[in-house]
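Numbering (the numbering used here), first residue to last: 101 to 419.
Quick reminder that beta carbons are idealized off the backbone N, C-alpha and C, glycines included.
This report refers to the structure that appears directly beneath it.
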């Protein structure tokens with residue numbers, strides 16, 4: 101009977117490990133239908149919006165762009181059925197395939213197209229470079245940058261604290277592609293939106309505004325509180341232990357995403373840290389093989405670069 105039970109357990113394990121593959125649709129013999137650009141298209145813009153039809157069973161799509169020397173110059177994934185890519189004037193080919201966790205479709209046959217960037221900015225876009233989309237920072241100064249447009253005579257730049265609605269920087273005749281924001285502009289915590297528009301005053305054309313947001317957060321995360329195992333707990337070696345903790349709500353204007361640093365030590369002062377883990381949530385499972393007395397503590401850090409203080413060390417004994 102025990103032998104039969106073991107066989108059943110093994111079969112269940114194999115079934116569960118391959119369950120994801122079974123549930124995924126086999127798309128390996130299918131092909132995505134590309135819709136834009138098509139063969140021979142000439143695009144009057146510095147940005148190409150690649151588009152294709154949705155495929156049943158696809159989780160993501162992979163787009164590749166080649167120059168006329170067949171060199172791969174861009175490769176990106178998208179969960180949508182479109183993807184934007186900046187390209188200088190020239191001749192190109194692109195292709196797309198669908199993917200899921202178990203399979204990938206055939207690539208479309210390479211599609212040839214070209215881009216021509218004119219003096220007319222109407223269909224062009226400003227490509228923002230830094231900071232990243234939805235960045236978090238605790239800095240008192242920040243550099244905004246974007247890629248230049250050949251036909252632009254100047255740029256219009258504005259930065260708004262969306263938390264207060266206040267414009268903290270504005271320049272309608274920016275001639276460089278870099279703006280330095282100082283501690284006066286960024287004195288307050290909050291979510292900031294920055295936007296840039298390119299203008300050609302010679303032919304009175306301009307792009308649409310390109311926008312991004314970043315958040316200023318200068319409040320350190322609160323001190324976590326150890327929950328389990330309880331202080332002075334007695335536990336067993338070679339058995340999985342779940343360490344858990346809580347943390348009070350951040351009191352700052354911006355609540356940056358928080359992660360944790362969990363430390364183990366063989367002494368209460370943590371002068372010898374035996375193990376350290378970066379943890380995204382408020383639990384960690386760990387198994388110990390050596391008996392002895394140990395201590396654990398945890399601190400929080402946020403995406404803006406702020407760090408809190410460690411919780412008090414909890415003692416546990418392994419037998």
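Coil, strand or helix - residue i by DSSP
{"i": "residue 415", "result": "strand"}
{"i": "residue 102", "result": "The pLDDT assigned to residue 102 is 47, lower than 50, so where the model puts this residue is not dependable, and the model offers no usable value."}
{"i": "residue 286", "result": "coil"}
{"i": "residue 121", "result": "Its pLDDT being 49, under 50, residue 121 is placed unreliably in this model, and the coordinates cannot settle the point."}
{"i": "residue 265", "result": "coil"}
{"i": "residue 217", "result": "coil"}
{"i": "residue 164", "result": "strand"}
{"i": "residue 408", "result": "coil"}
{"i": "residue 355", "result": "coil"}
{"i": "residue 392", "result": "strand"}
{"i": "residue 154", "result": "coil"}
{"i": "residue 420", "result": "In the structure as shown, the chain begins at 101 and stops at 419. Residue 420 is therefore absent and cannot be evaluated."}
{"i": "residue 91", "result": "In the structure displayed, the chain extends from 101 to 419; residue 91 sits before or after that span and is not available."}
{"i": "residue 252", "result": "coil"}
{"i": "residue 374", "result": "strand"}
{"i": "residue 306", "result": "strand"}
Residue of the options minimising C-alpha distance to residue i
{"i": "residue 346", "options": "381, 390, 370 and 356", "result": "381"}
{"i": "residue 163", "options": "146, 147, 188 and 134", "result": "134"}
{"i": "residue 242", "options": "126, 150, 252 and 259", "result": "259"}
{"i": "residue 227", "options": "137, 252 and 165", "result": "252"}
{"i": "residue 318", "options": "198, 238 and 401", "result": "238"}
{"i": "residue 274", "options": "327, 296 and 401", "result": "296"}
{"i": "residue 349", "options": "339, 261, 341 and 325", "result": "325"}
{"i": "residue 407", "options": "394, 395 and 356", "result": "356"}
{"i": "residue 378", "options": "387, 305 and 358", "result": "358"}
{"i": "residue 282", "options": "311, 410 and 240", "result": "240"}
{"i": "residue 405", "options": "354, 146 and 312", "result": "354"}
{"i": "residue 286", "options": "130, 216 and 244", "result": "244"}
{"i": "residue 138", "options": "152, 128 and 302", "result": "152"}
{"i": "residue 132", "options": "411, 158 and 145", "result": "158"}
{"i": "residue 311", "options": "401, 175, 262 and 126", "result": "262"}
{"i": "residue 291", "options": "268, 300, 400 and 250", "result": "268"}
{"i": "residue 232", "options": "303, 169, 313 and 130", "result": "313"}
Cα-Cα separation, residue i to residue j
{"i": "residue 264", "j": "residue 255", "result": "25 Å"}
{"i": "residue 413", "j": "residue 343", "result": "12 Å"}
{"i": "residue 368", "j": "residue 392", "result": "13 Å"}
{"i": "residue 365", "j": "residue 289", "result": "37 Å"}
{"i": "residue 272", "j": "residue 257", "result": "6 Å"}
{"i": "residue 371", "j": "residue 165", "result": "53 Å"}
{"i": "residue 188", "j": "residue 150", "result": "15 Å"}
{"i": "residue 123", "j": "residue 332", "result": "46 Å"}
{"i": "residue 415", "j": "residue 390", "result": "15 Å"}
{"i": "residue 221", "j": "residue 214", "result": "17 Å"}
{"i": "residue 219", "j": "residue 181", "result": "30 Å"}
{"i": "residue 335", "j": "residue 383", "result": "17 Å"}
{"i": "residue 321", "j": "residue 234", "result": "19 Å"}
{"i": "residue 307", "j": "residue 223", "result": "7 Å"}
{"i": "residue 328", "j": "residue 352", "result": "28 Å"}
{"i": "residue 141", "j": "residue 403", "result": "43 Å"}
{"i": "residue 419", "j": "residue 338", "result": "10 Å"}
{"i": "residue 266", "j": "residue 155", "result": "45 Å"}
{"i": "residue 205", "j": "residue 293", "result": "39 Å"}
{"i": "residue 208", "j": "residue 183", "result": "16 Å"}
{"i": "residue 248", "j": "residue 298", "result": "9 Å"}
{"i": "residue 128", "j": "residue 199", "result": "9 Å"}
{"i": "residue 230", "j": "residue 143", "result": "26 Å"}
{"i": "residue 395", "j": "residue 417", "result": "9 Å"}
{"i": "residue 190", "j": "residue 279", "result": "30 Å"}
{"i": "residue 125", "j": "residue 250", "result": "46 Å"}
{"i": "residue 170", "j": "residue 179", "result": "26 Å"}
{"i": "residue 115", "j": "residue 136", "result": "The predicted model places residue 115 with a pLDDT of 48, which falls under 50 and marks its position as unreliable; any figure quoted below should be read in that light. Approximately 41 Å, taken between the alpha carbons."}
{"i": "residue 168", "j": "residue 400", "result": "50 Å"}
Residue i vs residue j beta-carbon contact at 8 Å
{"i": "residue 376", "j": "residue 361", "result": "yes"}
{"i": "residue 193", "j": "residue 211", "result": "yes"}
{"i": "residue 203", "j": "residue 315", "result": "no"}
{"i": "residue 246", "j": "residue 276", "result": "no"}
{"i": "residue 161", "j": "residue 197", "result": "yes"}
{"i": "residue 387", "j": "residue 323", "result": "no"}
{"i": "residue 186", "j": "residue 147", "result": "yes"}
{"i": "residue 363", "j": "residue 373", "result": "yes"}
Check: residue i C-beta below 7 Å from any heavy atom of the ligand GTP
{"i": "residue 377", "result": "As far as ligands go, the structure on display features none, and thus does not contain the ligand GTP."}
Identity of the residues DSSP links to residue i by a beta bridge
{"i": "residue 326", "result": "345"}
{"i": "residue 280", "result": "243"}
{"i": "residue 383", "result": "344"}
{"i": "residue 179", "result": "Partner(s): none; residue 179 has no beta bridge."}
{"i": "residue 170", "result": "DSSP, once it has assigned bridges, lists no residue as partnering residue 170."}
{"i": "residue 201", "result": "According to DSSP, which records beta bridges pairwise, residue 201 is partnered with nothing at all."}
{"i": "residue 270", "result": "258"}
{"i": "residue 291", "result": "315"}
{"i": "residue 334", "result": "417"}
{"i": "residue 76", "result": "Look at the range of the chain in this structure, 101 to 419, and you will see that residue 76 is not part of it."}
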